[in-house]
Every structure is written in structure tokens, then in C-alpha cells.
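**Q**
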Amino acid sequence: MALSEGQGYGMYINVLAAENGWGKEKNFERLNNFYLAHRERIAKTTTGLMSWRMIEKRGKWKVDKNSATDGDLFIAEALLKASKIWHNEQFKDEARTLMNDILRYEYNPQTNTLTVGNWANSKSKFYNLMRTSDVIPEFFDDFYQETGDQR
Numbered sequence: 023m024a025l026s027e028g029q030g031y032g033m034y035i036n037v038l039a040a041e042n043g044w045g046k047e048k049n050f051e052r053l054n055n056f057y058l059a060h061r062e063r064i065a066k067t068t069t070g071l072m073s074w075r076m077i078e079k080r081g082k083w084k085v086d087k088n089s090a091t092d093g094d095l096f097i098a099e100a101l102l103k104a105s106k107i108w109h110n111e112q113f114k115d116e117a118r119t120l121m122n123d124i125l126r127y128e129y130n131p132q133t134n135t136l137t138v139g140n141w142a143n144s145k146s147k148f149y150n151l152m153r154t155s156d157v158i159p160e161f162f163d164d165f166y167q168e169t170g171d172q173r
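For the sequence shown, the positions run 23 to 173 when my numbering is used.
Listed below in C-alpha cells is the structure:
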């Protein structure tokens with residue numbers, strides 16, 4: 023089993039290691055390829071959001087639909103940092119796509135807070151639920167510096 027939170031943590035730890043000369047772009051690319059292969063589809067469109075849970079059955083990954091915001095935040099931050107460390111525009115583009123989709127699908131404009139995932143929409147009783155793992159001020163500062171979006 024794999025969770026988007028674990029995927030985000032792995033990508034983020036790899037980037038932190040790279041900042042100290044230990045992490046390798048090749049390893050980050052492997053993690054990134056798994057993320058790219060398991061993104062959410064909404065209305066027949068592939069988003070930047072990662073499916074929150076993947077279960078391996080008979081050598082194939084089965085994905086549970088829906089996203090988890092904390093995993094998406096760690097993935098976006100890791101991609102943004104990776105783009106700067108390895109001067110890779112593709113990582114930057116992927117980070118921007120994910121940041122935009124976080125605000126499109128995992129944001130409650132009534133409360134100006136993130137939701138717990140794309141499934142917690144305005145029709146859900148969890149729309150106003152806030153989880154501490156979705157509040158990472160350092161990441162929000164970096165996202166603002168990259169996009170200029172104050173949300």
C-alpha cells in the first residue's frame with residue numbers, strides 16, 4: 023500500500039537530502055514518476071492532485087479515488103524545491119499545476135481554508151473540517167513567492 027502523504031514525505035525528504043549533497047535527482051525522478059502515474063482524474067481530466075491511496079494487487083496498483091491535501095502540499099513543496107536544486111523547469115511546471123489544483127479542488131473560499139481533500143466539497147459535511155497536517159506556513163510562504171496568490 024502507498025499513501026499520498028508518504029509519497030509527499032519521501033519526495034520532500036529526498037529534496038532536503040539533496041540540499042545537503044546527499045539526495046540524487048535520479049531518486050527524486052523515480053518518486054516523481056510514481057506520483058505522476060497516480061494523479062486524480064476529475065471529469066475526465068488529469069489533475070495535479072495525487073490519489074490518496076494505492077493498493078498493490080497481483081502486481082498492479084489499484085487506486086482509491088480522492089485526494090489528501092497534506093500529501094499534495096508536501097508533493098508541491100518538494101517539486102518546487104527540486105526545480106531550484108536541479109534547475110528543472112518540468113518540476114516547476116508540475117509544482118505550479120499542483121498548487122493551482124490544490125486551490126481549485128481542496129480550498130474552501132467561504133472560510134479561506136484548505137479542505138481535507140477534493141472529496142470534502144460544499145456538499146460534504148466535512149467541507150469546513152480543518153486538519154492541522156494541512157497547515158504548513160513555510161510551504162504557504164514558498165507557494166506565495168512562486169505564484170503571488172495570497173490565498
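The beta carbon of each residue, even a glycine, is placed where N, CA and C say it ideally should be. Remember, predicted model here, so these are calculated numbers, not experimental data.
1. Measuring only the C-alpha atoms, how far is residue 121 from residue 166?
2. How many Å lie between residue 173 and residue 54 at the Cα?
3. Of all the beta strand (DSSP E) runs that stay within the bounds of the stretch 57 to 115, which reach a length of 3 or more residues?
4. For residue 135, which beta-bridge partners are listed by DSSP?
5. Quick one: Cα of residue 116 to Cα of residue 97, how far?
6. Please state if the CB of residue 30 and the CB of residue 95 are separated by a distance shorter than 8 Å.
**A** For this structure:
1. The residue labelled residue 121 in the question sits at position 99 within the sequence shown. The residue labelled residue 166 in the question sits at position 144 within the sequence shown. So the alpha carbons of these two residues sit roughly 10 Å apart.
2. Here residue 173 refers to the residue found at position 151 of the sequence shown. Here residue 54 refers to the residue found at position 32 of the sequence shown. Spanning the two alpha carbons is a distance of roughly 26 Å.
3. 61 to 64, 67 to 79, 82 to 89
4. For this step, residue 135 is matched to residue 113 along the sequence shown. Per DSSP, the beta-bridge partners of residue 135 are 130.
5. As a first step, residue 116 must be located in the sequence shown, where it is residue number 94. As a first step, residue 97 must be located in the sequence shown, where it is residue number 75. In this structure, the straight-line span from the alpha carbon of residue 116 to that of residue 97 is close to 10 Å.
6. As a position in the sequence shown, residue 95 is number 73, starting the count at 1. As a position in the sequence shown, residue 30 is number 8, starting the count at 1. Contact flag set, yes.
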